[in-house]
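Residue 0 is where the first sequence starts when you use numbering that gives the first Met the number 0, and the numbers rise one by one after that.
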Amino acid sequence: MGQRTNTDKGGPMAEQTVRVRFAPSPTGYFHVGGARTALYNWLFARHHGGRFILRIEDTDRTRYQPDALPDLLEGLRWLGLCWDEGPEIGGEYGPYYQSDRVEIYRQYAEQLVREGKAYRCYCSPERLARLREEQRAKGIPPGYDRHCRYLTREQIAEYEAQGIVPVIRLAVPLEGTTEFDDLLRGHISVENRLLDDLVLLKSDGFPTYHLANVIDDHLMGITHILRGEEWLSSVPKHVLLYRAFGWEMPIQVHLPTILDPSGKGKLSKRKKKLPGGQEMLTFVREFREAGYLPEALVNFLALLGWSYDGQTEFFTRDELIRYFDLQKVSKSPSSFSYDKLEHMNATYIRNLGTNDLAGRLMGVYRRAGIEADIGTVLQLVPLIRERIKTLNDALALTDFVFQEEISYPAEELIQKKMDRTSTLAALRAAEARLQGLEAFDEETLERELRALGEELGLKPRQFFGCLRVACTGKRVSPPLFGTLAILGRERVLRRLRQAVEALVEI
RNA sequence: GCCGCAUUCGUCUAGUGGACUAGGACACCUCCCUCUCAAGGAGGAGAUCGGGGGUUCGAAUCCCCCAUGCGGUACCA
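Written as structure tokens, this is what we have:
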């Protein structure tokens, strides 16, 4: 209990600068789960005035994907999680790519071998596979049988003579228990006999995660490790390594897993469908492309496993930094609610200034291949701000503004309790009235059209409904009068005439 | 199989022995506003705190057992 205060101001660690790292491996696009981990690390560092380090764990050459790194860096920057040391900016503890550090790992691995704490293993992958197979058949716990741990000098010479390239394995104590504390989960202890002699250095000369991770965290002066819960069970191995090197282990913090919306499985990178039918978004880039605001995603992600007072839900970035506290991170897995994210995003959009929102929408239109001019978008914003949950929603809502021709089934023009004749009359009357208008602004339009509707004996929803379809091609659109003003007299009159023509033909 | 972790409304969560007839938010339902759709306002329904045993005057909160879920058990991270 006492050591929980380590992270608080005034605790024993207070003098020491907090140094945390986000250490993804470039095997695929940047995942939201990873983003949450990065965010917590970043918040923790900023809260304590510490350093946030980005380290690339590219030690698996078989899973390496060239696209992953640019995607990651772009994603982090989009979310505003800038790193103090790492790729592209360097730092005093580099290099920050593990593939550039293989020599370091090799030396440390050799050191352990010399000290008798690790050994070379010449077992072939085939033998290991066979071994696991047998163990499974016999129902005994799988694990390396330590065949090479007790090789004689002669046997080693023989393997070497055969040209077999060995791996280096840690000689795990056969008895006793390994214990450690997790800031969130308390004391955890595991029996050593359950651990097997893990590989430290692979035969291709690259380190395994465990070795590289421990060495780098130590060499880079990492004080706190915040990472996903899936790493919890490998901590005992790390403890053994720290002990073998005689190093102090950083404070461990294992963050709860993020589950998919059903709450059943881990939010996976495999594409799944939501109950509604739409695809489940999992990569940061997908959220960006779908029109989510980075600040909304950050706010949402912050709350996925952390809470401030159980009451407040919206936080600015500065508030997040100020309030973030590991003590308030929950231990249990949380599932990703797309509904809630959408709600947050909509709220953020509503709170955006007109210029800001218009600017962001310009990007969306451009990417969709729509040539929107800033003047029009600026006018559109007040009309659609409360009607879009994502930036992309603006596309479907306002497409008719940027299209020369619109198309829709002519029957849509006919409103409830109306027929072709009355609709035709309404459209013609509107056209005539609009033609003679001295001004074509929202206020004038509303005044004149309301009056005309009454003269025609139509209910507002009937009259405006038919004008809406005629001018926008939709039953649902932004508010009518503002929309007409944006379209302009020419286009409105033309669309009214076209509506009449279309109606006449059916 | 073994090991580890977790378990409060459908979901995110508040809650650290009495202030809990368990609070907030999303989603849902009703009503109001209204040119459509939203937004906004007012209300509603929804957890006996996974189950069972204890400890205690008193437990969602402490202990034990069980169940379930998740994770790990690689020359992947």
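Even glycine gets a Cβ: it sits at the ideal position worked out from N, Cα and C.
A quick note: this is a predicted structure, and the numbers were derived from the prediction, not measured.
Here Ile-167 carries a strand assignment [DSSP, helix/strand/coil]. The DSSP assignment places 166-169, 176-181, 185-190, 198-200 as complete runs of the beta strand (DSSP E) inside the segment 164-203, in order along the chain (cut-off: 3 residues). Of all C-beta pairs linking the segment 455-468 to the segment 416-433, three or more are shorter than 8 Å, placing the two stretches in contact. Segment contact: the segment 177-196 against the segment 42-50, fewer than three CB-CB distances shorter than 8 Å; contact not assigned. In this structure, the straight-line span from the alpha carbon of Arg-54 to that of Cys-120 is close to 29 Å. Phe-480: not part of any beta strand (DSSP E); member of the alpha helix (DSSP H) spanning 479-486, first to last residue. Between the segment 388-405 and the segment 430-447 there are fewer than three inter-stretch CB-CB distances shorter than 8 Å, so the stretches are not counted as touching.
Annotation: the continuous alpha helix (DSSP H) that includes Val-376 extends over 373-383. Excluding five sequence positions before and after Glu-109, none of the CB atoms of its chain fall closer than 6 Å to its own CB.
By the Cβ-count criterion, Gln-97 is buried, with 16 or more other Cβ atoms from all chains shown falling within 10 Å of its own Cβ.
The beta carbon of Asn-40 is closer than 8 Å to those of Val-19, Arg-20, Phe-21, Phe-51, Leu-225 in its chain, skipping five residues each way along the sequence. DSSP lists Val-19, Ile-250 as the bridge partner or partners of His-223. Taking a 10 Å sphere around the C-beta of Arg-494, we find 16 or more other C-beta atoms and assign the residue as buried.
Setting aside the 5 residues that flank it on each side, Leu-303 is surrounded in the same chain by Arg-35, Ile-257, Ser-333, Phe-335, each with a C-beta closer than 8 Å to its C-beta; the list follows chain order.
Your pair Arg-349 and Glu-385 checks out as a contact, with CB atoms roughly 6 Å apart and the cut at 8 Å.
For Tyr-364, the uninterrupted alpha helix (DSSP H) segment begins and ends at 353-366. If the five residues before and after Pro-172 are omitted, its C-beta is found closer than 7 Å to the C-beta atoms of Asn-191, all from its own chain and listed in chain order.
With contact defined as three or more Cβ pairs closer than 8 Å, the segment 336-348 and the segment 288-299 are in contact. Of all C-beta pairs linking the segment 100-116 to the segment 141-149, fewer than three are shorter than 8 Å, placing the two stretches out of contact. Burial check for Gln-310: the Cβ neighbour count within 10 Å stays below 16, so the residue is exposed. 8 Å or more divides the Cβ of Thr-58 from the Cβ of Tyr-241. Apart from the 5 residues on each side of it in sequence, Thr-222 sits with its Cβ closer than 8 Å to the Cβ of Met-12, Gln-15, Thr-16, Val-17, Arg-18, Val-19, Gly-49, Pro-249, Ile-250 in its chain, given in chain order.
Within the segment 419-491, the alpha helix (DSSP H) runs of at least 4 residues that lie entirely inside it are, in chain order, 419-434, 441-455, 459-471, 479-486. A residue is called buried when at least 16 other Cβ atoms come within 10 angstroms of its Cβ; Phe-480 meets this threshold and is buried. Among the bridge pairs identified by DSSP, Ala-117 is matched with Leu-169. Taking a cut-off of 8 Å on C-beta distances, the segment 231-247 does not touch the segment 59-71, as fewer than three cross pairs fall below it. Taking the C-beta atoms as reference points, Glu-178 is found nearer than 8 Å to His-186. For the pair His-217 and Glu-228, the Cα-to-Cα distance works out to about 21 Å. In the DSSP assignment, Leu-396 falls within the unbroken alpha helix (DSSP H) covering 392-401. The straight-line gap separating the alpha-carbon atoms of Gly-32 and Arg-135 is approximately 33 Å. Within a 10 Å sphere around the beta-carbon of Ala-450 sit fewer than 16 other beta-carbons, which makes this residue exposed. Remark: C-beta atoms of Val-491 and Leu-483 approach each other more closely than 8 Å.
For Phe-335, there is no enclosing beta strand (DSSP E), since its DSSP letter is neither H nor E.
Counting along the chain, the unbroken alpha helix (DSSP H) around Leu-72 starts and ends at 67-78. Only buried fits Lys-236, as 16 or more other CB atoms lie within 10 angstroms of its CB. Here Val-363 is buried. Its C-beta has 16 or more other C-beta atoms within 10 Å.
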